[in-house]
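Visitor: Take a look at the following structure, please.
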Amino acid sequence: MSRLALSPSLFALAALGVFAAQAEEAPTYRTVNEIVAASAPSDWRQPDPETTLYLELARGRVVIALAPWLAPKHAVNIRALVREHYFDGLAILRSQDNYVVQWGDPDADDATKARPFKTAKATLAGEFTVPWTDTMAFTRIADDDGYAAVVGVSDGFWVGRDPKAQQIWLTHCYGSVGVARGNDTDSGNGAQLYVVSGHAPRHLDRNITLVGRVLSGIELLSTPAAWRTPMGFYEKQEQRVPIQAMRVAADVPEAERSTLMCCARIPRPSPISLKPA
Numbered sequence: 294m295s296r297l298a299l300s301p302s303l304f305a306l307a308a309l310g311v312f313a314a315q316a317e318e319a320p321t322y323r324t325v326n327e328i329v330a331a332s333a334p335s336d337w338r339q340p341d342p343e344t345t346l347y348l349e350l351a352r353g354r355v356v357i358a359l360a361p362w363l364a365p366k367h368a369v370n371i372r373a374l375v376r377e378h379y380f381d382g383l384a385i386l387r388s389q390d391n392y393v394v395q396w397g398d399p400d401a402d403d404a405t406k407a408r409p410f411k412t413a414k415a416t417l418a419g420e421f422t423v424p425w426t427d428t429m430a431f432t433r434i435a436d437d438d439g440y441a442a443v444v445g446v447s448d449g450f451w452v453g454r455d456p457k458a459q460q461i462w463l464t465h466c467y468g469s470v471g472v473a474r475g476n477d478t479d480s481g482n483g484a485q486l487y488v489v490s491g492h493a494p495r496h497l498d499r500n501i502t503l504v505g506r507v508l509s510g511i512e513l514l515s516t517p518a519a520w521r522t523p524m525g526f527y528e529k530q531e532q533r534v535p536i537q538a539m540r541v542a543a544d545v546p547e548a549e550r551s552t553l554m555c556c557a558r559i560p561r562p563s564p565i566s567l568k569p570a
């Protein structure tokens, strides 16, 4: 039986033809800079100062955007804690490499030393999901996901969705802000907060309440990891990074606010009340 043999040059040309055909079929991806350059002014908005927090450290300011439509009770309670100056003078307590950075009261587990709450509630039921409605805009990411039926972006936040159960929730992605808690789902109130500073621990989705994301300054939370302690908690006071203050942006003089722009506002299911229940 005779065989048709291709010379090396003809084989290379044939291979290039296949690669060229595949390249034509492949989707065109744009860099972040290209997307921003192609955007219109209407694609951007200033963060709402009533739902924006400033975490002030000696090294600079971390700007956090709350998502009250996804965790309304916690958003109210965290703003109450901030406005009663609960976080002022506390510290970053934990830095677990490639995982999370956490801050709060180092004496929270000692009833005789713990900083008291004034107007804020001591415990809140976990807010892991909210009902999905068709009024919510949602940009889907086509990639498959092992933790949600579909994933995407809504109102500038990374979210997961379950179309069958009609639920939506925040996801543990880089920069997400969560409420630390104990074993009980109602053992957190926002007095201990953490930021995902490494890989995305998506197994925590719908197990721990997420309240927002860092808009600016996440690099300021890159404190030295506590390698030899359980879960990265600092054992000595001198290892902790002091918090100078934490403020709601609306309470800061306009001239002193951070100048930031984020994605345009997207329709939400209903007006969100920022008043305590």
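Just so you know, we're using the numbering used here here: the sequence shown kicks off at 294 and counts up by one. We put the CB at the ideal spot given by N, CA and C, even for glycine. A quick note: this is a predicted structure, and the numbers were derived from the prediction, not measured.
Using alpha carbons as the reference points, say which of F380, P334 and A330 lies closest to L486.
Guide: That would be F380, whose Cα lies nearest to the Cα of L486.
Visitor: Measure the alpha-carbon distance for M554 versus T405 and round it to whole angstroms.
Guide: Roughly 43 Å separates the two Cα atoms.
Visitor: List the whole-angstrom C-beta distance separating A368 from V504, where the pair is believed to meet the contact cut-off of C-beta under 8 Å.
Guide: Right, the Cβ-Cβ distance comes to about 6 Å (below 8 Å), so this counts as a contact.
Visitor: What number of angstroms, rounded off, separates the C-alpha of T516 from the C-alpha of E327?
Guide: Whole-angstrom Cα-Cα distance: 32 Å.
Visitor: Which first and last residues belong to the beta strand (DSSP E) in which V443 is found?
Guide: Segment V443 to S447, the beta strand (DSSP E) holding V443.
Visitor: Identify whether G471 lies in helix, strand or coil by the three-state DSSP scheme.
Guide: Correct three-state label for G471: strand.
Visitor: Taking only the alpha-carbon atoms, compute the straight-line gap between D544 and Q460 and give it to the nearest angstrom.
Guide: Between D544 and Q460, the C-alpha separation is close to 33 Å.
Visitor: With DSSP as the reference, label A358 as helix, strand or coil.
Guide: Strand.
Visitor: What three-state label does DSSP hand T412 in the structure shown?
Guide: Coil.
Visitor: Does the Cβ-Cβ distance between A484 and L350 come in under 8 Å?
Guide: Contact: no.
Visitor: If you draw a straight line from the alpha carbon of P399 to that of V444, how long is it in whole angstroms?
Guide: One C-alpha to the other measures close to 36 Å.
Visitor: So, helix, strand or coil for S515, using DSSP?
Guide: Note: S515 maps to coil in three-state DSSP.
Visitor: Please identify the residue among R376, C466 and D448 whose C-alpha is closest to the C-alpha of Y440.
Guide: Ranking the options by Cα distance to Y440, first place goes to C466.
Visitor: State yes or no: is the C-beta of I446 within less than 8 Å of the C-beta of V470?
Guide: The sequence shown places Val at residue 446, rather than the Ile named in the question. Cβ distance not < 8 Å, so V446 and V470 don't count as in contact.
Visitor: Could you tell me how far apart the beta carbons of A418 and T478 are, in whole angstroms, since I believe they sit closer than 8 Å?
Guide: Contact flag correct, Cβ pair sits at about 7 Å.
Visitor: With contact counted as at least three CB pairs below 8 Å, one residue from each stretch, are the region 425 to 438 and the region 527 to 536 in contact?
Guide: The region 425 to 438 is not in contact with the region 527 to 536.
Visitor: Measure the alpha-carbon distance for P535 versus I385 and round it to whole angstroms.
Guide: Cα-Cα distance, rounded: 6 Å.
Visitor: Roughly how far, in whole angstroms, is the beta-carbon of L421 from the beta-carbon of T502, given that I think they are within contact range, below 8 Å?
Guide: Going by the sequence as given, residue 421 is Phe instead of Leu. Indeed they touch by this definition, with Cβ atoms about 6 Å apart.
Visitor: Just to check my reading of the structure: L363 and W462 have Cβ atoms closer than 8 Å, yes? What is that Cβ distance to the nearest angstrom?
Guide: 7 Å between Cβ atoms; contact.
Visitor: Once DSSP output is grouped into helix, strand and coil, what is the label at R495?
Guide: Of the three classes helix, strand and coil, the one that applies to R495 here is helix, per DSSP.
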